[in-house]
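Below is one structure; the comments refer to it alone.
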Amino acid sequence: MNWTQAKTDFSTYLKIERGLSDNTINSYLLDVEKLIVFLKENNNTESPVHISKETIKEFVYQTAKQLNARSQSRLISGLKGFFNYLVFENYRDNNPIDHIEAPKIGRKIPDTLSLNDINKLIAAIDLSHPQGTRNKAILETLYGCGLRVSELINLKISDLFFNEGFIKVTGKGDKQRFVPIMEHTQKYIDIYKNEIRNHLNIDPEHSDILFLNRRGKQLTRAMIFTIIKNLAKTINLQKTISPHTFRHSFATHLLENGADLRAIQLMLGHESITTTEIYTHIDRSQLTEVINNFHPRK
Numbered sequence: 001m002n003w004t005q006a007k008t009d010f011s012t013y014l015k016i017e018r019g020l021s022d023n024t025i026n027s028y029l030l031d032v033e034k035l036i037v038f039l040k041e042n043n044n045t046e047s048p049v050h051i052s053k054e055t056i057k058e059f060v061y062q063t064a065k066q067l068n069a070r071s072q073s074r075l076i077s078g079l080k081g082f083f084n085y086l087v088f089e090n091y092r093d094n095n096p097i098d099h100i101e102a103p104k105i106g107r108k109i110p111d112t113l114s115l116n117d118i119n120k121l122i123a124a125i126d127l128s129h130p131q132g133t134r135n136k137a138i139l140e141t142l143y144g145c146g147l148r149v150s151e152l153i154n155l156k157i158s159d160l161f162f163n164e165g166f167i168k169v170t171g172k173g174d175k176q177r178f179v180p181i182m183e184h185t186q187k188y189i190d191i192y193k194n195e196i197r198n199h200l201n202i203d204p205e206h207s208d209i210l211f212l213n214r215r216g217k218q219l220t221r222a223m224i225f226t227i228i229k230n231l232a233k234t235i236n237l238q239k240t241i242s243p244h245t246f247r248h249s250f251a252t253h254l255l256e257n258g259a260d261l262r263a264i265q266l267m268l269g270h271e272s273i274t275t276t277e278i279y280t281h282i283d284r285s286q287l288t289e290v291i292n293n294f295h296p297r298k
């Protein structure tokens with residue numbers, strides 16, 4: 001088995017057997033590609049079946065010099081997944097990276113916005129601009145439903161079940177879930193649909209996609225990032241934010257107001273409750289701030 005075949009088979013396994021998203025699969029393949037480039041640069045002809053622990057160790061050592069701890073950990077994890085696959089398929093009898101430890105990294109607490117900041121960002125949208133009404137509906141949906149940016153741009157009109165109070169969301173690995181949607185958010189989506197979207201010259205291929213650009217085609221992830229970046233600049237927000245910041249804020253604000261962690265997990269589409277538990281760390285940090293500010297013996 002050569003490296004090209006190994007990458008192709010691994011990609012198929014991740015998509016069919018693991019049900020991972022294209023972005024996640026590409027991340028795994030990029031880790032393998034870095035190893036392949038290293039081998040070529042060093043005139044090493046070892047195959048994925050026969051590559052030694054010593055070669056892997058040298059690769060990790062050389063590559064780690066150029067990466068931070070989190071990226072190193074990501075690389076080692078990706079390669080472990082690749083070689084575990086080869087072991088699983090009986091191409092190898094051991095994983096050459098098993099004894100290489102990833103650097104210890106703390107759990108990164110995501111950035112969030114206050115409700116006041118979110119209101120300022122939405123209020124900064126120029127509704128006189130042709131795309132203003134759409135952008136307001138986008139931000140209301142991002143924050144109101146806690147969506148990933150990929151879930152937002154792929155949201156379909158046929159996914160809207162407003163009478164029942166839900167939208168159907170297709171998340172990572174094409175897994176679907178139903179997320180509650182408030183009447184407040186529904187209102188701005190309806191305004192956009194009726195006053196803006198219905199008057200576009202819509203591309204037939206994107207006829208069911210909810211949020212469209214001015215040419216009637218599906219929006220890109222990059223466009224959502226640009227919209228948010230420009231709004232942050234407009235209100236002089238001293239924080240680097242992205243579409244995911246609205247998702248983090250959605251979960252954090254629900255938790256602060258007493259929502260059940262399991263319910264938040266279901267709405268976010270997290271496979272494991274441990275992923276959702278990151279938001280309890282944010283909540284605890286705010287408790288520390290409260291005691292530091294208000295305890296009588298401070």
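Heads up: the sequence shown begins at 1 in the UniProt record's numbering, then just goes up one per residue.
The beta-carbon is built from N, C-alpha and C at its ideal position, and this holds for glycine as well.
Contact between the stretch 135-152 and the stretch 242-250 is present, with at least three C-beta pairs closer than 8 Å.
N2 and K175 have their alpha carbons spaced roughly 33 Å apart. A straight line joining the alpha-carbon of N68 with that of H199 spans about 49 Å. Runs of the alpha helix (DSSP H) lying entirely within the stretch 50-113 and spanning at least 4 residues, in chain order: 53-64 and 69-88. Here the C-alpha atom of T220 lies approximately 27 Å from the C-alpha atom of V32.
Contact annotation: K7 and L29 have beta-carbon atoms nearer than 8 Å. Taking P96 as the centre and dropping the five residues before and after it, the same chain places the C-beta of I51, S52, K53, I56 and F83 closer than 7 Å to its C-beta, in chain order. Per the Cβ contact rule, the stretch 225-232 is not in contact with the stretch 170-187 (fewer than 3 Cβ pairs under 8 Å). The three-state reading of DSSP puts T240 in coil, since its state is none of H, G, I, E or B.
The straight-line gap separating the alpha-carbon atoms of N163 and D190 is approximately 13 Å. For the 8 Å CB-CB criterion, I125 and G132 form a contact.
Counting C-beta atoms within 10 angstroms of its own C-beta, P130 has fewer than 16 neighbours from the protein chains shown and is therefore classed as exposed. By the CB criterion at 8 Å, L210 and K156 fall inside the cutoff. With a cutoff of 8 Å on beta-carbon distance, I227 and I153 are scored as not near each other. If you draw a straight line from the Cα of N116 to the Cα of Q218, it comes to about 30 Å. Considered as a whole, the stretch 173-206 harbours 176-180 as its complete beta strand (DSSP E) runs of no fewer than 3 residues, in chain order. When secondary structure is reduced to three states using DSSP, K217 falls in the coil class, being assigned neither helix nor strand.
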